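Novice: Below you'll find the structure I mean.
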Amino acid sequence: MALALRLALAVAFPVRPVWDGVIYERAADAIARGEGYTRGSIDPDAPDAGEATAFYPVGFSAMIAPLRWVRAAPALDLVAQSCAGALIVIGAGLLGRRVGGARAGRRAAWLVALWPGGILLSASWLSEPFFALFVCAASLVIVYARRRHALRATALAALILAVGAYVRPTSLPMLALMVIGIALVSSRDLAGRARSLVTHGAVAAIVVALVLAPWALRNASALDGAALTSTNGGANLLVGTRGEGGYSTLEADDDGDCGGLGEVARDRCLADMAMARIEADPLAWLARGVLKLTSTFGHESSPAQAWAEATQRAGVSGEAHGLWALAIERAWWLVFLAGVIAGAVILLRRSRDGRVKVAIFAPLLGLAALHFVFLGGDRYHAPVVPLMAALCALAVSAARRPAR
């Protein structure tokens, strides 16, 4: 059902890349042609279009680049996105089963299968469906691993999220909170928790370093300095200090003294500008952090907005299609979010399995922490919707359970 809905949408309403998807598709084309990851993906007409870049994470473009070799890239890109969307349905079902039993698992799967934003994102070149796979997989490793294999589970989760960092560096704070959570639930005494934190933290750090080392070395040699994953952190931090801290594009005039610097130097310069703004008015920055969280989790609009723009560019839909998609998406999210909050309360109060709580809450809190600091936007919650669906399904199952 999930795959059929996603493929049917792509067939019924052809789309064109929009937003970040334009850059991801250009980058995939360039990588497939053997040109590497260059600034031409961001601006093909720029004088430095042939120079290497790491501004956006390379992972999603690199993953879909091989589809160009069979010369059916646009169609296969959307098939791949639809398959990713269908796979996270399975992940949500398995997580829901561990959170609340078989019925909760089935309900979680249906929630993600029918999730309007997920269906719409599958008809796009945005990276959220792919990144959600990594988040789901890491959480599944934690909840289904045997206790005596906890260290092995940490290593595997670190491997999954380290690869996921090539798509979205958001996976790194998620992993950090997973490691802390595993340490806290591994022992009842402080010394045991400290030993676990050191052991699991060291294993996770080694795995992440090994996975990201090739890209970091490439950046150090191809750019003007070292960059672990991408070089847009400074820009995002600066954007998050303006207005309500929501997503916006930096114009050339916003660079200040950072204009003309190399990519890594500019990233650090923008980060310094952002820190200066934060230090000048920390209370305003904290208030923006709350607004960023409400922007990230309080509604869902971007998938419908992106889809409406993508179909209009393709010349196959009018304003009404986009407005109905947006209305359905927002209404669905309000009901869903209420269930998520109720499910979170139930899980915290009733579950005695600390690993389940870690697997569900660590990625959610990692995502929230990152967007509190950097910038907010409702599209960014998409990768943790399968985890949220498990919580919502738990609430529904609890409500439907007959009173004793």
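Residue numbers (the working numbering): -11 to 392.
We put the CB at the ideal spot given by N, CA and C, even for glycine.
Note that the structure is a prediction, hence the values are computed from the model and not measured.
May I ask you to verify whether the region 123 to 137 touches the region 82 to 90, counting CB pairs closer than 8 Å and requiring at least 3?
Specialist: Contact holds: three or more Cβ-Cβ distances are below 8 Å.
Novice: What residue does the alpha helix (DSSP H) around Y12 start on, and which one ends it?
Specialist: Taking the first residue of the sequence shown as 1, we reach residue 12 at position 24. That run of the alpha helix (DSSP H) goes D8 to A20.
Novice: In three-state terms, what does DSSP make of A138?
Specialist: Taking the sequence shown and counting its residues from 1, one reaches residue 138 at position 150. Helix, per DSSP.
Novice: Look up G364 in the DSSP assignment and give the residues it is bridged to.
Specialist: Indexing the sequence shown from 1 puts residue 364 at position 376. According to DSSP, G364 bridges with G234.
Novice: Given that a residue counts as buried once 16 or more other Cβ atoms are within 10 Å of its Cβ, and exposed if not, what is R367?
Specialist: Residue 367 sits at position 379 when you count from the first residue of the sequence shown. Flag for R367 reads buried.
Novice: Just how far apart, CA to CA, sit A138 and A179?
Specialist: As a position in the sequence shown, residue 138 is number 150, starting the count at 1. As a position in the sequence shown, residue 179 is number 191, starting the count at 1. One C-alpha to the other measures close to 17 Å.
Novice: For A(-10), which of helix, strand or coil comes out of DSSP?
Specialist: Your numbering for residue -10 matches position 2 in the sequence shown. The answer is helix: DSSP assigns A(-10) an H, G or I state.
Novice: Would you tell me roughly how many angstroms separate the C-alpha atoms of I30 and L160, rounded to the nearest one?
Specialist: Position 42 of the sequence shown, counted from the start, is the residue given in the question as residue 30. Position 172 of the sequence shown, counted from the start, is the residue given in the question as residue 160. Those two C-alpha atoms are separated by around 25 Å.
Novice: Identify whether T41 lies in helix, strand or coil by the three-state DSSP scheme.
Specialist: Residue 41 sits at position 53 when you count from the first residue of the sequence shown. Three-state DSSP puts T41 in coil, outside helix and strand.
Novice: Take S70 and list the residues in its own chain whose beta-carbon comes closer than 7 Å to its own, dropping the five residues that flank it on each side.
Specialist: The sequence position of residue 70 within the sequence shown is 82, counting from 1. For S70, where only same-chain residues beyond five positions count, the Cβ hits under 7 Å are L(-9), R(-6), L(-5), A(-2) and S110.
Novice: Touching or not, the region 0 to 8 and the region 299 to 316, by the rule of three or more beta carbon pairs under 8 Å?
Specialist: The answer is yes - the region 299 to 316 touches the region 0 to 8, with three or more Cβ pairs under 8 Å.
Novice: Can you tell me whether DSSP reads T282 as helix, strand or coil?
Specialist: On the sequence shown, position 294 is the one that residue 282 refers to. Here T282 sits in helix by DSSP.
Novice: Quick one, which of N224, F285 and S236 has its alpha-carbon nearest A262's?
Specialist: Taking the first residue of the sequence shown as 1, we reach residue 262 at position 274. Measuring from the Cα of A262, the nearest candidate turns out to be N224.
Novice: Apply the 10 Å Cβ neighbour rule to R392 and answer buried if 16 or more other Cβ atoms are within range, or exposed otherwise.
Specialist: To locate residue 392, count along the sequence shown from 1; it is residue 404. Any reading at R392 is ruled out, since the residue's pLDDT is 49, under 50, leaving its predicted position unreliable.
Novice: For a test of the three-state rule: what should DSSP assign to T26, helix, strand or coil?
Specialist: In the sequence shown, the residue the question calls residue 26 occupies position 38. T26 falls in the strand class under three-state DSSP.
Novice: Pick from L382, R389, A386 and A387: whose alpha carbon is nearest that of A96?
Specialist: In the sequence shown, residue 96 corresponds to position 108, counting from 1. Per the Cα distances, L382.
Novice: If contact is defined by three or more beta carbon pairs under 8 Å, each pair taking one atom from either stretch, is the region 165 to 174 in contact with the region 58 to 68?
Specialist: Too few Cβ pairs lie closer than 8 Å, so no.
Novice: Using a Cβ-Cβ cut-off of 7 Å (strictly less than) and excluding sequence neighbours within five positions of A0, which residues of its own chain qualify?
Specialist: Position 12 of the sequence shown, counting from 1, holds the residue named residue 0. So the list is empty, once near-sequence residues are dropped.
Novice: Between the C-alpha atoms of L216 and N207, what's the straight-line distance to the nearest angstrom?
Specialist: Sequence index remark: in the sequence shown, residue 216 carries index 228 (1-based). Sequence index remark: in the sequence shown, residue 207 carries index 219 (1-based). Each residue's alpha carbon lies about 8 Å from the other.
Novice: In three-state terms, what does DSSP make of S112?
Specialist: Against the sequence shown, residue 112 aligns to sequence position 124. Three-state DSSP puts S112 in coil, outside helix and strand.
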